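**Student:** If you're matching positions, the sequence shown starts at 1083 in my numbering and goes up one per residue.
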Amino acid sequence: MAYSEKVVEHYENPRNVGSFEKGDDTVGTGMVGAPACGDVMKLQIKVNPATGLIEDAKFKTYGCGSAIASSSLVTEWVKGKSLDEALTIKNTQIAEELALPPVKIHCSILAEDAIKAAVSDYKAKHGNAQPAAATATH
Ligand code: FES
């Protein structure tokens, strides 16, 4: 299968590969796998606690070229966004930007799922997933 130019470009020059130091509580981590192919994507966001904005992101993807390109692209897209804005990123936008063919759509879904998982991990760590009152009465 021929990859689009943008996929090849991200694949050859992936942005933000790596991971943040363990124990950094300003980091949210999302780890997702694609049942269809067994590929795995780990995506991390680093949030500035003062502004609530994502100031950095990193990924490690064990997968196809489209999955690597999708994760590279979304680490660029989430920077400067709030958590809620990051949640609005749709796999269809990723697929369109990278001109993914139908058989590679699940690779972009993996990237959308990884962002969502990273955001909910961050929120869970910081107690934003529940109203503060839910924990205060016990
Ligand atoms: Fe499964 Fe791309 S082939 S993530």
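Here a beta-carbon is modelled for each residue, glycine too, at the ideal position from N, C-alpha and C.
What you are looking at is a predicted structure, and each value in this text was computed from that prediction instead of being measured.
With a cut-off of 8 Å on the beta carbons, I'd call residue 1142 and residue 1101 a contact; round off their distance for me.
**Tutor:** 6 Å
**Student:** With a threshold of 6 Å (Cβ to nearest heavy atom), would residue 1084 be considered close to the ligand FES?
**Tutor:** no
**Student:** Give me the Cα-Cα distance between residue 1088 and residue 1179, rounded to the nearest whole angstrom.
**Tutor:** So the two alpha carbons sit approximately 8 Å from each other.
**Student:** How would you call residue 1158, buried or exposed, if buried means at least 16 neighbouring beta carbons within 10 angstroms?
**Tutor:** exposed
**Student:** Less than 6 Å between the CB of residue 1199 and some heavy atom of the ligand FES, yes or no?
**Tutor:** no
**Student:** Going by DSSP in three states, residue 1164 sits in which element: helix, strand or coil?
**Tutor:** strand
**Student:** Comparing C-alpha positions only, which one of 1176, 1125, 1191 sits nearest to residue 1117?
**Tutor:** Considering only alpha carbons, the answer is 1191.
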